[in-house]
Structures are given as C-alpha cells and as structure tokens.
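J.: Residue numbers (my numbering), protein chains in the order written: chain A, -5 to 553; chain B, 117 to 204.
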Amino acid sequence: MSSVLEGIGVSCGVASGTVILVLPSITIERRLIEKNESEAQINRFKASIDQYVQNTQIVIEQSRRQVSGQETAILEAHLLIARDPALLQAVVQKIETEQKCASWAAAEVMDSYIAMFENLSDEYLRQRVADITEVRKTVLELLSGQQSEIRTLTHNSIIIADDLGPAETLSLDRTRIAAFVTEKGGRTSHTSILARALGIPAVVGVAGIVGVSETGMSVIVDADKGRVIINPTEDQQTQYAQKIQIAVAEQALLKEGAHQPGVTTDGKKIGIWANIGSDDEVKVALANGAEGIGLFRTEFLYMDRTELPSEQEQEDIYRQVLTAMQGKPVVIRTLDLGADKQLSYMRLKAEENPALGCRAIRLCLKEKELFKRQVRALLKASVCGNLWIMFPMIATLEELHDAQAIVREAREELSLAGAPIALDIKIGMMVEVPAAAINADFFAQEVDFFSIGSNDLVQYVFAADRQNQNVDYLYQPANPAVLRLINNAVRAAHAAGIPVGMCGEMAGDIMYADLLVGLGLDELSMASGSILRMKKAVRFIHSQTASEKVCSIISDSKK
Amino acid sequence: MEVGKEVTVGCPEGIHARPAACLVRVANEYAGKITIHYQNQMIDAKSIMSILAAGIGHGAKIKVVVAGDAAEPVLEKIGQLLETGANL
Chain A
-5 MSSVLEGIGV SCGVASGTVI LVLPSITIER RLIEKNESEA QINRFKASID
45 QYVQNTQIVI EQSRRQVSGQ ETAILEAHLL IARDPALLQA VVQKIETEQK
95 CASWAAAEVM DSYIAMFENL SDEYLRQRVA DITEVRKTVL ELLSGQQSEI
145 RTLTHNSIII ADDLGPAETL SLDRTRIAAF VTEKGGRTSH TSILARALGI
195 PAVVGVAGIV GVSETGMSVI VDADKGRVII NPTEDQQTQY AQKIQIAVAE
245 QALLKEGAHQ PGVTTDGKKI GIWANIGSDD EVKVALANGA EGIGLFRTEF
295 LYMDRTELPS EQEQEDIYRQ VLTAMQGKPV VIRTLDLGAD KQLSYMRLKA
345 EENPALGCRA IRLCLKEKEL FKRQVRALLK ASVCGNLWIM FPMIATLEEL
395 HDAQAIVREA REELSLAGAP IALDIKIGMM VEVPAAAINA DFFAQEVDFF
445 SIGSNDLVQY VFAADRQNQN VDYLYQPANP AVLRLINNAV RAAHAAGIPV
495 GMCGEMAGDI MYADLLVGLG LDELSMASGS ILRMKKAVRF IHSQTASEKV
545 CSIISDSKK
Chain B
117 MEVGKEVTVG CPEGIHARPA ACLVRVANEY AGKITIHYQN QMIDAKSIMS
167 ILAAGIGHGA KIKVVVAGDA AEPVLEKIGQ LLETGANL
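(1) Under 7 Å between the Cβ atoms of residue 220 of chain A and residue 2 of chain A?
(2) Does chain C have any CB closer than 7 Å to the CB of residue 73 of chain A?
(3) Could you tell me if residue 179 of chain B is buried or exposed, where buried requires 16 or more neighbouring beta carbons within 10 angstroms of its beta carbon?
(4) Among the residues of its own chain, which have a CB less than 6 Å from the CB of residue 237 of chain A, if the five just before and after it don't count?
(5) Give the range of the alpha helix (DSSP H) segment to which residue 512 of chain A is assigned.
(6) Could you name the residues of chain B that residue 303 of chain A contacts, counting a contact when the two beta carbons are closer than 7 Å?
(7) Please decide whether residue 119 of chain A counts as near chain B, where near means a Cβ-Cβ distance under 7 Å.
(8) At least one CB of chain B closer than 7 Å to the CB of residue 80 of chain A: is that the case?
(9) Give a yes or no on whether the C-beta atoms belonging to residue 214 of chain A and residue -3 of chain A are separated by under 7 Å.
(10) If we ignore side chains and look at the alpha-carbon of each, how far apart do residue 194 of chain A and residue 411 of chain A end up?
(11) So residue 153 of chain A and residue 171 of chain A are supposed to be a Cβ contact under 8 Å. How far apart are they, rounded?
(12) Would residue 556 of chain A pass as a contact of residue 242 of chain A if the rule is Cβ separation under 7 Å?
(13) Going by the DSSP bridge assignment, what does residue 153 of chain B pair with across the sheet?
(14) With a floor of 3 residues, list each beta strand (DSSP E) that falls wholly inside the stretch 395 to 480 of chain A, ordered by position along the chain.
(15) From residue 76 of chain A to residue 502 of chain A, what distance separates their C-alpha atoms?
(16) How should residue 353 of chain A be labelled, buried or exposed, when 16 other C-beta atoms within 10 angstroms of its C-beta is the threshold for buried?
(17) For residue 122 of chain A, go through chain B and note every residue whose CB falls closer than 8 Å to its CB, in chain order.
(18) Identify the residues that DSSP records as bridge partners of residue 520 of chain A: which are they?
(19) Consider the Cβ of residue 149 of chain B: report whether some Cβ of chain A lies at a distance smaller than 7 Å.
(20) Judging by CA-CA distance, which residue of A:291, A:280, A:259 is the nearest neighbour of residue 508 of chain A?
(21) Mapping DSSP to helix, strand and coil, what is residue 161 of chain A?
(22) Just verifying my parser: in three-state terms, what is the DSSP assignment at residue 211 of chain A?
(23) Taking any Cβ of chain B, which residues in the stretch 87 to 117 of chain A have a Cβ under 8 Å from it, in chain order?
(24) Assuming residue 256 of chain A and residue 264 of chain A are in contact, meaning their beta carbons sit under 8 Å apart, how far apart are those beta carbons, in whole angstroms?
(25) Determine the contact status of residue 400 of chain A and residue 423 of chain A, defining contact as a CB-CB distance below 7 Å.
(26) If you check the beta carbons only, do residue 511 of chain A and residue 537 of chain A fall under 7 Å apart?
(27) Does the stretch 436 to 444 of chain A touch the stretch 484 to 504 of chain A, meaning 3 or more C-beta pairs lie closer than 8 Å?
(28) Using a C-beta cutoff of 7 Å, does residue 164 of chain B count as contacting chain A?
(29) With a Cβ-Cβ cutoff of 7 Å, do residue 242 of chain B and residue 119 of chain B count as a contact?
(30) Using alpha carbons as the reference points, say which of B:145, B:184, B:152 lies closest to residue 198 of chain B.
(31) Helix, strand or coil: how does DSSP classify residue 365 of chain A here?
(32) For residue 137 of chain B, return the contacting residues in chain A, with the cut-off set at a CB-CB distance below 9 Å.
(33) What did DSSP end up calling residue 284 of chain A once you bin it into helix, strand or coil?
(34) Relative to the C-alpha of residue 376 of chain A, which candidate in A:248, A:429, A:137, A:311 has its C-alpha closest?
(35) Mapping the DSSP letters down to three states, classify residue 118 of chain B as helix, strand or coil.
(36) Once DSSP output is grouped into helix, strand and coil, what is the label at residue 193 of chain B?
Encoded structure:
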C-alpha cells in the first residue's frame, strides 16, 4: 500500500529509488542462558566475528581502489581488534562462567576494553577507543541481526534515517545516493546542508517515516513539495517519472549559463561562490560556475578518523583547494567544533547547550596548540592561491585580537624557519553572533572582510535551536530583525571599505535573492547545487529596486 | 620446539601504535604460540589489545618465546623487528 508523508523539503528536486533504512543504535540482548546453551552462544559469537572479518576484508579490497591508504589502515586496525584472541577468550569465559548470552558477553568485554583504554594517560591508546567502539557496534549488529545496511548502497539509493550525523553522512558513497529523508532535523541540519552541496533532494522532519519504511521498498522523494511517497502506485510513478525528466532537462538548460557572471539588470555584479566541506567538492563547485570558495568548512578534515590531522596533512589539502581554484578567492574557515560536532578522539565535555557553549573560536582560543597547527598549515599553503582566513563565532574584539595574535605568532615562527608565506592573505570573520552584527562598525576597522553566517545568526536572533523541528517556524531569515542586523553589518563593512558576503543557507535560497542583492551583499556563497539557479535569479534582479524594497521593509517595521 | 630470547625494545616509542600492529601481523602469520614476557606479565603476541595495554616502552627488557614448528626464524624476525624498530 502506498503511503504519503509530509516533511520539510530542504533542497530542490525529485528522485525515485530504493529505500536504504539506516537504523539507530541497536538494543543489546541481555539474557541469562542455560548451561547447555553456552556452546551455541560461543559459536554465534565466533560466527559474527567471521562475518565481520569477511565483510571488512571486502570493504578493504573495494576501498583500496577508491580511497586513501589512511582509511584502509583504520579498517585493518579494526580487523586486528576483531580477531584478537584475548577478546575471544574473554567472551567465551563470560558465556561459560557467567551464563550470559553472546551479545551481552561481547558488549561487556568490549566495554571493559573501552574503559581500560579510556583511563590510560597515553594519547594514542585513548584514540583506539574509537576503533573498539566501531568494532563493538558492528559485531553487536551482526549478533542481533539488525545490521545497518548503509555500506551496501546501490544506484538510486534513498537514505531514510531517524537522523544522520556528519560522520555518518561522510561515510556514505555519495555518488550512489539519490535522496535523503530523515525523521528529525531542520533546514540547516547536516543532512540538509550535504544534500544541497550534492544537489540532491532531501526532505527532513518527516514524522513516522522510519516506522513505515523498510530497506528495499521503492520510494519517491519530492523535495519541492516536502513529500515522501513510500511504495508509490503506478500512477504516481508515471507522474513523477515525467517530473524527474523535466527537472533533468531544466538543469541542463541552467548549466549553459554556468560560466557567465551573476550580474543584475542594472549592471551590479554579485559574486556567486561555493560552500564546500571537503577538497573533493571543488570540482563540482567549478563545474557549476563558482567564482570563489566562500566557505570551506575545515572541521570535516578532523572528523571520521581516529586522530588529529597532522599539520602536513592539512597543508596538503589546503594547497590542493587553493591550487584548484587558480587564484580565485578561497575563504577557509578555521575549526568550528563544539559539543554538537564531536570528535571521537578528542572528547569534548558534553554541554547543556552546545550551540551556546564552548565551540568554534572559543574552543580554539582554549586549545591554542590545535588552533595554531591549523593556522600554520594555512599560512604555509597560502603561496598556492588567494587565501582568505576566516574566524567563526567571533563575539568580542578581544576574541578577534587573540585569534589575530596567534596568526601573527605563527607567521613569525614560520618566517624565522624560512617558510615562504603569501603577503596578501586576507583575515576576516564570520558575523553570526548578534553581538558582532550589532557592533559591526567596531569589527570592520580590524578585519579584511565579513561573511555573514545566516544559519547561526537567525538561530541566535530568534533563540530557536535550528535542529529542533518543533521551532522550525522560527527560522525566519527574512524577518526585519535579521535584515536589520545584516544591513548594519553591510553598511559597516562598506564604510570601512571591506567586502561583505554571506555563507549561510539563506545565501543560496533564490526566494531571498532580491533581498540579499538589495541589502548590498557583495558575494553570496552557497551549496554548489544552488549556484546555477542563483546566478539565473540574480540576472533578473534590478539592484536599485531591490534596495528600495529592503529599505521599506526595514523602516516599515519601525512603525 | 620452544625457543626464547632476551630483547631490548628499540622502537622509538616502544611497542606501540604501528610497531604493535606490525608485531601482531607477523605473529598471526605463524601457526605456533608467541609470548612476550614483560615484567611479570605473559602477553600473547597475537593479541593487539593485550600488547597495547601492556605499555612496553622504549628500552624495555623483554623476553620473546616462540613455541611451535620452525620457531627459530620466527624468533629471529620478531627479535629484529623489536630491537631495531626498522621495517615497520
């Protein structure tokens, strides 16, 4: 039977494909067994390890062809753990003497290893916790029969999940995903951002979707209407097949204008730049006509791995991106991590309120070595292109000065060591904390550029968690409260003679194109999938008229 | 047959990280039993977790014992691996 569910469409387009249901963490069976059952339980455990080893070897084989040696090394470490004779012995003993079933015994043994490694003072060993946790999860999945099937994507896979974290989305084979559907999440959750970067449809906040979906079902995702159809009827299939064809044709048409600039009807050029989350997205950005990178989210470099990236490793990636962009501006945002974007190997303390907690520049100014390592890598890579360094979450001048001081220190150290550094690196900041938007004139004197982070700005102005779909209605980027702050930042920037752009989700939404042009933003940075539409939208705007419209909205609200 | 040998750990960071993984890989290729005697512990060289947990540092004096067929060349290989820290 077909069922239609509604949610929030967070990117454009329609897709049809096969459901891959990604299950949340499984429940572990905890059962005491009869004495005569222990052999069977031991065999179950052994079989799950064999299965794990076999699966992992297949993945290693496949990924040798596709990805870096680094990732295969991690998988090989997982193999060593799974095959560890001490592990087997301990599990067997638990089953035999404590009469616990295989899942229970395995979970307890692995937990004891995790606890042991967590308590060691040695950094390397503490990092192994992530490896053991991963093995634990997969082996317990195998034992319970509730295996997450995320690794077995086929073409036109449509990922359905309760929620997807950044690390989980990163581990997916992106080329095979046709759409995302999540039960939780809002317009600016990670899934939404990734979907737009990949230019594929996504619907989030779909209540009840996990309950009615099963892997292998056929499904249609209509992100334009925020609709998901499980087991569509033949009529629905035909209707959507047409829609998909039209969308493909439209995309091809848009692409013809990709390499023309975004210029308004009265001749004002608006820079259309791309947001990227990894070096491999540069190609897509350029193919869509990006004139610069307006936001490179470097935290993805730090995620989905077992230890901090080395300075050299970071430098190499920054060099690649700068080189690929051939002198076009590349805005690299320094690390934006916090309790909501965790690293398995760097256990940040859980916070009551991560969005308002110790994150981004606040964390970096506490973890100065971590921050400096990134800054050094950036400075060393600077000779490869047009580097703009951007600090996130700046709220006070003091924070800005502290961050700038670290850049100065790093520069001096590197110069002494004889490393070449570009002379014309721009240092700027995100305007996303309301305090910075309000005091924009102070900040504009001290930086080379502004970039408005609309996601956080809107969230903080409305005091509404952007991941919480119950308050999704408060995501109101066009509300005069937000427009006034943006206006304030733009005026301050232009008075100081520095450029100001925007890199939040608002910047890529054609619904706001005339407002953004009217506000006077010099550059809009967005997911690569939005560039074509936005360029086209800009070409229909008269900037003078748009500016008058903005003025009237802002002053109307004064009454 | 069982053969043993005293070894001073030469890997710069001890039997750790890559050397530990390397040791386990070599040990796994051998059908017999390989044990490391360190302080008062007897550690199974095929168990990555036991080796890591033992925390054998640079310069530690250990004894490697290999039991099984053709034990000599295996002992030689492992001894060299741990003494020189090379070829890891």
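For every residue, glycine included, the Cβ atom is placed at its ideal position computed from N, Cα and C.
T.: With the structure as the only source:
(1) yes
(2) No chain C appears in the structure shown, which is made up of the protein chains A and B.
(3) exposed
(4) 8
(5) 507 to 513
(6) Here the premise fails: no neighbours, minimum Cβ distance about 16 Å.
(7) yes
(8) yes
(9) no
(10) 46 Å
(11) 6 Å
(12) In this structure chain A extends from -5 to 553, so residue 556 of chain A is not present and cannot be described.
(13) B:158, B:179
(14) 420 to 425, 443 to 446
(15) 45 Å
(16) buried
(17) 168
(18) A:268
(19) no
(20) A:259
(21) Note that residue 161 of chain A scores a pLDDT of 49, beneath 50, so its modelled location is shaky; the value from the coordinates is reported in the next line. Three-state result, residue 161 of chain A: helix.
(22) coil
(23) 107, 110, 111, 114, 116
(24) 5 Å
(25) no
(26) yes
(27) yes
(28) yes
(29) What is shown of chain B runs 117 to 204, which leaves residue 242 of chain B out entirely.
(30) B:152
(31) helix
(32) 67, 70, 71, 74
(33) coil
(34) A:311
(35) strand
(36) helix
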